[in-house]
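Novice: Encoded as structure tokens, here's the structure I'll be asking about.
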Amino acid sequence: MQKMKIGLIQMALNTSTDLEPDAIRDAMNDAHLPLIQQAADAGVQVLCFQEVFNQPYFCPSQDPKWYAAAERVPEGPTCQMMQKLAAKHRMVMIVPVYEETVTGIYYNTAAVFDADGSYLGKYHKTHIPQVAGFWEKFYFKPGKSEWPVFDTAYGKIGVYICYDRHFPEGWRALALNGAEVIFNPSATVAGLSQYLWELEQPASAAANGCFIAAINRVGTEAPWNIGEFYGSSYIVNPRGKIEAQASDKDDELLIHEIDLDMVREVRNNWQFFRDRRPDAYARLTDGE
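What follows is the structure, encoded as structure tokens:
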């Protein structure tokens, strides 16, 4: 059997949003170090953090202050730190950060480092919301990453970010590109979408015959106070069953070992990929 031990870290903001973004970044990076070490000690092979893990979720505002939170990938301080830790611990690391590609162009990004520390590439969040409390288009350019799948030391993984999860097409594209496990780092609060948290992703795992690892932060964040981030990070298998889940309130490292052989077993059983009809789906991509 081909196994993969996964770690997911959910965490509340541990410092004031009155600080400058670089100070918040350093405090949050440091706060993750004990949990990274705990993951390494437990033999975690693939570790993923939450969306823009080392900053607040600043999108309830439209404040240029937060542009200073963006850093280069993989040259920036966070990626350089995590790249070294990935090599030290022989652990694949998925690092969601706010990225500046060139001056004035910013993306919601997840960088991926292999178990030897090599930089495998990145995914840019594709779908960007723009509604009250989630003014993301002020901060993020929509990505067009061509659905990259990263062939890591422990298996083939993909990344989808937060709001992306509401769009089934991306799950399918990642699965068709070979992803066995898809990670969805998020920042989502109780209210409108909470009932979908344990509905959409299990359904997408079953529809695509893959594992999905969903990560969400916890706590509340002043001064915006748009609601409580409800954690509840989990890992769901290709049959749509949640195998492991974190609490809804606490900083937590969720560790769970999955059986990648289940991907082949479920896909052979259901044959959704064989029976799909892309020739009949032009309406999905022909615009308005």
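In terms of numbering that gives the first Met the number 0, the sequence shown opens at residue 0 and continues consecutively. Idealized CB from N, CA, C, for every residue including glycine.
Examine the Cβ distances between the segment 177-184 and the segment 123-131 and report whether three or more of them are shorter than 8 Å.
Specialist: no
Novice: Please list the segments of the beta strand (DSSP E) lying wholly inside the segment 43-127, counting only runs of 3 or more residues, in order along the chain.
Specialist: 45-47, 91-101, 104-112 and 118-123
Novice: Determine the contact status of threonine 16 and proline 201, defining contact as a CB-CB distance below 9 Å.
Specialist: no
Novice: Go ahead and label asparagine 13 buried or exposed: buried means 16 or more other beta carbons lie within 10 angstroms of its beta carbon, across all protein chains shown.
Specialist: exposed
Novice: Who are the Cβ neighbours of glycine 226 in its own chain at under 6 Å, not counting the five residues just before and after it?
Specialist: So the list reads Val188, Ala189 and Gly190, once near-sequence residues are dropped.
Novice: Taking the alpha-carbon of tyrosine 162 as reference, which of Ala152, Trp196, Asp150 and Arg171 has the nearest alpha-carbon?
Specialist: Trp196
Novice: Excluding the five sequence neighbours on either side, which residues of its own chain have a C-beta within less than 8 Å of the C-beta of valine 94, listed in chain order?
Specialist: Phe48, Phe52, Thr77, Cys78, Met81, Ala109, Ala110, Val111 and Phe112
Novice: Mark proline 237 as exposed unless 16 or more other C-beta atoms lie within 10 angstroms of its C-beta, in which case mark it buried.
Specialist: Classification of proline 237: buried, given that the 10 Å Cβ count is 16 or more.
Novice: Please name the residue in Ala69, Lys83 and Ala86 whose C-alpha comes closest to that of tyrosine 106.
Specialist: Ala69
Novice: Going by C-alpha distance, which of Leu32, Pro20, Pro141 and His88 is nearest glutamine 44?
Specialist: His88
Novice: Could you check if arginine 275 is buried or exposed, using at least 16 other CB atoms within 10 Å of its CB as the buried criterion?
Specialist: Classification for arginine 275: exposed.
Novice: Cα separation between glycine 142 and lysine 121?
Specialist: 11 Å
Novice: Measure from the alpha carbon of methionine 90 to the alpha carbon of each residue in Ala67, Glu98, Ile214 and Ser117, then state which is nearest.
Specialist: Among Ala67, Glu98, Ile214 and Ser117, the Cα nearest to that of methionine 90 belongs to Ser117.
Novice: Which runs of the beta strand (DSSP E) at least 3 residues long sit entirely within the segment 203-242? Give them in chain order.
Specialist: 210-215 and 233-235
Novice: Let me check understanding here. Comparing Cα to Cα, which of Ser232, Asp40, Thr151 and Lys4 lies closest to aspartate 247?
Specialist: Looking from the CA of aspartate 247, the closest CA among Ser232, Asp40, Thr151 and Lys4 belongs to Ser232.
Novice: Give me whichever residues DSSP pairs with proline 184 in a beta bridge.
Specialist: Ile214
Novice: Of the choices Phe271, Lys124, Ala26 and Thr284, whose alpha-carbon is the least far from that of alanine 206?
Specialist: Phe271
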